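This report concerns only the one structure given below.
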Amino acid sequence: MKIMVIAAHPKLTESRANRALLDELKKHDEVVIRDLYQEYPGYDIDVQREQELLLEYDRVVFQFPFYWYSCPPLLKKWFDDVLTHGWAFGPGGDHLLGKEFMIATTAGGTERAYRSGGDDLYTISELLRPIERTLTKCNGTFLPAFVVYNADRASNEVLALEAKRYAEHVRTSLRVLAH
Ligand SMILES: Cc1cc2nc3c(=O)[nH]c(=O)nc-3n(C[C@H](O)[C@H](O)[C@H](O)COP(=O)(O)O)c2cc1C
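Here's what the structure looks like:
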């Protein structure tokens, strides 16, 4: 299975959690990692190149720090620019049919907070629904997300363990992930 991870962190050099996840993934040759903010510092996304890349991979993972219950702005622009009418959805827009998509996100909040009655009120799955629907509208298969909670307070040891869990999750087959 060919896997592409599109990482979108506005300040990856200052990151602990996302960097830990990416450092572990780099040990796995079958996973191609891209740094969206490094590739497009001026937000001028090359739509044709991005669409061609999407076609090459079976599974695409969007990895980002959870910012205001959503993704950082360059990734939102990537969705806006790349998932075009007539290519990703609508008449003739069947290029992503059956493509597997996954979200991997790191959150400052705890898992206990992300639930009904908790500080953050909703689960991450509920909060990711706009992205989920975007990708299913484009005929993709939306896989269970990978989440690191309490990311700012997690020790390096905990982050290293989470990173190993992440590398497993990213490479787990659809059949096992979605049962
Ligand atoms: C602008 C901004 C918005 C944030 N919004 C949220 C949020 O809505 N929910 C949350 O749990 N954490 C939030 N955080 C915390 C980040 O998710 C957390 O710092 C990040 O996931 C840690 O990963 P990193 O070490 O890779 O930067 C926010 C942080 C910033 C800077």
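Residue 1 is where the sequence shown starts when you use the UniProt record's numbering, and the numbers rise one by one after that. All C-beta atoms, glycine included, are put in the ideal place defined by N, C-alpha and C. Since the model is a prediction, treat every value here as computed from it, not as a measurement.
Extent of the continuous alpha helix (DSSP H) to which residue i belongs
i: E56; result: V47 to E56
i: A7; result: Premise fails: A7 lies in the beta strand (DSSP E), I3 to A7, not in any alpha helix (DSSP H).
i: D81; result: P73 to V82
8 Å Cβ cutoff met for residue i and residue j
i: R171; j: I3; result: yes
i: Y40; j: L74; result: yes
i: L143; j: L121; result: no
i: W78; j: L36; result: yes
i: P72; j: P130; result: no
Host beta strand (DSSP E) of residue i (start-end)
i: L35; result: Checking the displayed sequence, the identity of residue 35 turns out to be Asp instead of Leu. Unbroken beta strand (DSSP E) run through D35: V31 to D35.
i: R59; result: R59 to P65
Residue i versus residue j: straight-line alpha-carbon distance, rounded
i: L135; j: T141; result: 7 Å
i: Q38; j: Y69; result: 23 Å
i: V5; j: Q51; result: 14 Å
i: L54; j: H85; result: 15 Å
i: E100; j: Y57; result: 9 Å
i: M1; j: A160; result: 24 Å
i: G93; j: D80; result: 15 Å
**Report entry** Validate contact between the region 103-118 and the region 35-44 using beta carbons, cut 8 Å, 3 pairs
**Finding:** no
Report task. Taking 8 Å as the threshold, find out whether the region 101-109 comes into contact with the region 47-64 through three or more Cβ pairs. Result -> Because the criterion of three Cβ pairs below 8 Å is met, the region 101-109 and the region 47-64 touch.
Query raised in the report: Given 8 Å as the limit, is there contact between the region 7-20 and the region 147-163, that is, 3 or more CB pairs closer than that?
Result: yes
Report task. Evaluate contact between the region 159-179 and the region 22-30, counting only Cβ atoms and requiring at least three cross-stretch pairs below 8 Å. Result -> yes
**Report entry** Complete runs of the alpha helix (DSSP H) confined to the region 98-175 [at least 4 residues]
**Finding:** The region 98-175 contains these whole alpha helix (DSSP H) runs: 124-127, 129-137 and 156-171.
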